[in-house]
Structure formats: C-alpha cells, structure tokens
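Since the structure comes first, as structure tokens, the remarks are kept for the end.
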Amino acid sequence: MRRGGLAILVWMLPLFASPADAQTPRAPAAEAAPSAEIGGADAALAGHYYLSGVMETGSELLLKPDGRFEWFISYGAVDQVAKGRWGRTGQTVTLVADRASPDTPLVRADQVLPWDAEVERRLHDAARSDAAERIAARCPWGADEATTAMIPSAPGSGGGTAAARAEATKRTAEQARDAATRAIAAAVKLPDDGAKRSAADAAMEAWYRARFAMEQAFQAAGVPVPAMAAPALPPECQPPPREDGAALAPAQWQRAVAVLVGDPARDLRLSNVGVTFVFSDGQRDQAETGRGGWAFAPRRAGAAVDRLVVAVPHPGVSPVTLPIKPLAEGVQTIIVDTGQLTGAPFDRLRLTVTGDDLLPEAMPQGRYARH
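Structure below.
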C-alpha cells in the first residue's frame with residue numbers, strides 16, 4: 001500500500017448512505033454569518049458556476065437559492081472545499097465559510113452498513129491491488145511490458161550491409177531477452193539473494209540496450225522494426241486473475257469486516273488512513289484505507305470487532321480508539337472532520353457581479369461563469 005500523507009478524493013454524491021440505524025448523529029458545522037451581515041440570497045444569481053482564466057486551476061461554485069453555497073477548487077496536488085452562506089449587497093456577492101463546531105470530535109464512528117454486492121466488489125478490488133503491489137515488489141522487471149510493437153521504418157540508406165547488420169542486432173536482442181528471462185527466474189526463486197536480483201537488473205538493462213540498438217539498426221536499414229516479445233516472467237510475477245465480486249452469488253461472497261473513512265460534510269473519502277481492527281478475542285488486524293476510503297479485515301469465527309484504532313496521517317494527530325457495537329460482518333463508517341485538519345480555505349470570499357458572471361477578488365484573472 002502506498003505510504004504517505006492523507007489523500008483526499010472528492011465525490012459529487014453523498015459519501016455514506018443514511019440507514020435508520022445510524023449510530024451517531026452528525027454534528028453540524030457552526031453556521032456562517034447571518035444574512036444581515038452579507039446581504040440576502042439573490043435568486044437571480046443562483047446556479048452552478050465554473051472558473052476560467054486561471055491557469056492549471058479548476059474550481060466550481062454552487063449558489064443555492066436558500067442562501068447556502070458549495071465551493072471546490074483544485075490546483076496542482078491540492079483539492080479544497082468549503083460550504084457556508086452567501087448573500088448579495090449591491091454588486092458584491094460574499095461567501096462566508098462555515099466554521100468547524102468546537103464540539104465535533106476529529107474522528108468518530110458513524111453508521112453501520114450491511115454487506116452487499118458493491119462492498120464485495122470493493123473487497124475483491126482491494127485484494128487484487130494488494131497482490132499487484134506484492135508482485136511489483138517481488139518482480140520489478142517490467143511485468144507490464146508484453147511485447148515490443150512493430151515500428152514503421154524511417155527513411156534509411158538501406159542496402160544489403162545495413163539489412164544484415166539489422167538482422168545481427170535482432171539476434172543479439174533475442175539472446176539478451178532470453179538471458180534476462182533466465183536471470184529473472186533465478187532471482188524470483190531466491191528472493192533474498194541480492195546478487196541474483198542485481199544480476200536480473202543488469203540483464204534487463206542489457207535487454208533494453210540491445211532492443212534499442214535493434215530498433216535503430218532496422219530504421220537505418222529502412223526496414224520495419226520487427227515485433228519482439230519481452231523477457232518472459234515466471235508465474236510468481238503474473239497478476240492474479242480478475243474476479244468480479246459483484247457478479248458472484250451471495251452464497252459465494254467472501255465477506256469481511258470493513259471500514260469506510262471519509263468526511264460526508266465535504267463529500268470526501270480518505271485514503272492512507274491507518275486502521276487497526278481489534279477483535280473481541282484480542283486479535284488485532286492492521287490495514288490502511290486505499291482509494292475510496294476502504295479498509296478490510298477477514299472475519300474471525302466466534303469473534304467480532306468491538307474497537308477500531310484510527311490513525312489519520314497528519315502532523316500532531318494521535319491515533320484515536322473508537323469503541324463500536326460488535327461487528328462480525330459489515331461496514332462501519334468513520335467520519336473524519338477534515339475541516340479541523342486543514343481549516344477553511346477562506347473565511348470570506350467576495351465576488352463582483354459583472355453581467356451574468358462573478359469575478360473573485362482573490363483571483364484577478366478569474367471569472368466564474370454559470371452553466
């Protein structure tokens with residue numbers, strides 16, 4: 001699994017479902033300034049706006065008729081969201097972001113969701129991703145490369161000598177490929193033998209050089225570069241067959257205990273969050289949320305998960321232990337109030353009404369246009 005800081009995925013749909021058995025009521029964010037300070041919502045301006053005029057930056061603004069807004073911006077590797085109240089005074093629209101409630105815990109257990117076909121598919125996807133990472137660590141020798149495709153010839157001098165030279169480089173490339181195949185097989189058989197892994201690295205480098213020389217020689221001869229298979233990888237380096245968990249009958253489901261970590265108030269799911277599943281028999285299984293905010297632990301006969309230790313990878317944040325209702329199978333949703341980690345991207349944002357567009361003061365070249 002990829003290690004590093006907290007990764008955030010933005011989703012336009014609600015993060016969690018809303019079953020009647022929700023364990024914890026969601027604490028609302030502190031409301032933004034009352035409309036008297038910022039003016040009232042103008043129904044004529046309500047709508048969905050998109051930012052233009054700012055390089056390498058994407059942003060959306062949704063002004064709702066009830067005076068609420070939703071705002072999103074993405075630039076580089078940074079995504080930020082804000083919600084709050086908006087109003088208009090004269091030609092100025094003011095956005096005031098909600099503040100995090102001081103009574104809201106950073107991390108808390110929320111709803112329990114049943115196991116279903118979609119969760120089973122997520123479990124299979126996670127298992128395949130974990131297997132692919134193990135294979136990549138075991139076999140870092142171009143497992144994704146199947147063949148060298150035929151390359152159209154470029155104008156060259158041609159002639160018998162050049163063609164003969166090209167054929168010679170092809171034989172050399174084939175020999176280098178076969179040598180790399182043998183070196184990889186030897187390295188995989190003895191994974192702790194550093195010398196054999198170094199030999200496989202060197203053999204692959206020799207194959208790349210020989211293949212490049214072959215391509216150059218055939219192009220110089222004015223002859224199409226032939227397709228050539230890459231070094232063969234042993235079975236230990238082959239990806240597992242893809243299984244569609246959602247297509248399985250319920251009787252065939254593997255099932256597990258799962259957590260889904262996110263911030264539904266901001267439509268976010270969080271990856272790279274450490275999760276320790278603590279079972280009632282004392283067993284502890286460690287996992288980390290992947291793409292989409294999911295983490296899994298296998299079921300245990302006669303035991304249920306009754307605690308979760310959640311480690312949000314953010315400076316100064318300690319792991320949080322969450323007692324939960326015993327869960328032998330199903331999905332426990334976890335809410336992280338990311339607003340406490342990053343703070344609101346702004347307290348107030350003012351925009352000038354220009355025709356049908358909105359010009360943000362903070363981005364002089366920017367223009368929000370309604371769609």
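Residue 97 in my numbering sits at position 97 of the sequence shown, with consecutive numbering throughout.
Heads up, the beta-carbon is just placed ideally off N, CA and C, and yes, glycines get one too.
Predicted model, so just to flag it, every value in this text is computed and none were measured.
Element boundaries [alpha helix (DSSP H), containing residue i]
| i | result |
| --- | --- |
| Lys189 | 160 to 189 |
| Arg291 | Counting along the chain, Arg291 falls outside any alpha helix (DSSP H), and DSSP gives it neither H nor E. |
| Ala82 | Here Ala82 belongs to no alpha helix (DSSP H); instead the beta strand (DSSP E) covers 78 to 89. |
| Gly339 | 339 to 342 |
C-beta contact flag for residue i and residue j at 8 Å
| i | j | result |
| --- | --- | --- |
| Gly366 | Val93 | no |
| Val312 | Val107 | yes |
| Arg88 | Gly142 | no |
| Ile334 | Val261 | yes |
| Pro240 | Val188 | no |
| Gln332 | Leu349 | no |
| Val112 | Lys325 | yes |
| Leu63 | Phe69 | yes |
| Glu288 | Val273 | yes |
| Asp337 | Asp263 | yes |
| Thr169 | Ala213 | yes |
| Tyr368 | Tyr49 | yes |
| Asp347 | Arg370 | no |
| Arg382 | Gln283 | Because the chain is modelled from 1 through 371, residue 382 falls outside the range shown and cannot be assessed. |
| Asp103 | Gly84 | no |
| Thr352 | Gln91 | yes |
| Ala109 | Leu322 | yes |
| Arg291 | Ser318 | no |
| Ala176 | Ala210 | yes |
| Gly58 | Trp86 | no |
| Arg242 | Glu329 | no |
| Glu448 | Arg138 | With the chain covering only 1 through 371, there is no way to say anything about residue 448. |
| Met228 | Ala173 | yes |
Residue i - DSSP class collapsed to helix/strand/coil
| i | result |
| --- | --- |
| Asp193 | coil |
| Thr333 | strand |
| Leu62 | strand |
| Tyr368 | strand |
| Val353 | strand |
| Val273 | coil |
| Glu361 | coil |
| Leu123 | helix |
| Ala41 | coil |
| Ala97 | strand |
| Ala287 | strand |
| Arg211 | helix |
| Arg348 | strand |
| Ser198 | helix |
| Ala52 | It should be noted that the sequence gives Ser, not Ala, for residue 52. Here Ser52 sits in strand by DSSP. |
| Glu145 | Residue placement at Glu145 is flagged as unreliable, the pLDDT there being 47, under the threshold of 50; a coordinate-derived value is accordingly withheld. |
| Glu205 | helix |
| Pro25 | Confidence at Pro25 is low in this model, with a pLDDT of 35, below 50, so the placement of that residue is unreliable and no value is reported for it. |
Start-to-end residues for the beta strand (DSSP E) that takes in residue i
| i | result |
| --- | --- |
| Arg307 | 305 to 311 |
| Ser74 | 68 to 75 |
| Ala109 | 107 to 113 |
| Pro323 | 320 to 327 |
Chain C within 8 Å of residue i, Cβ atoms only
| i | result |
| --- | --- |
| Arg291 | In the structure shown, chain C does not exist; there is a single protein chain. |
Exercise. At 3 residues or longer, and completely inside the stretch 216 to 271: list those beta strand (DSSP E) runs for me, N to C.
Key: Within the stretch 216 to 271, the complete beta strand (DSSP E) segments at least 3 residues long are 257 to 263, 268 to 271, listed from N- to C-terminus.
Exercise. Evaluate contact between the stretch 294 to 304 and the stretch 272 to 286, counting only Cβ atoms and requiring at least three cross-stretch pairs below 8 Å.
Key: A contact is defined here as three or more CB-CB pairs under 8 Å, and the stretch 294 to 304 meets this definition with respect to the stretch 272 to 286.
Practice problem: Inspect the CB distances between the stretch 122 to 130 and the stretch 289 to 301 and report whether three or more fall short of 8 Å. | Solution: The stretch 122 to 130 is in contact with the stretch 289 to 301.
Quiz item: Are the stretch 175 to 184 and the stretch 220 to 236 touching, with three or more C-beta to C-beta distances below 8 Å?
Solution: Contact between the stretch 175 to 184 and the stretch 220 to 236 is present, because at least three Cβ pairs lie under 8 Å.
Quiz item: Using 8 Å as the Cβ pair cut-off and three pairs as the minimum, do the stretch 115 to 123 and the stretch 216 to 224 touch?
Solution: Contact fails: fewer than three Cβ-Cβ distances are below 8 Å.
Quiz prompt | Meets three-Cβ-pair contact criterion under 8 Å: the stretch 159 to 166 and the stretch 194 to 203 | solution = They do not touch, by the three-pair rule.
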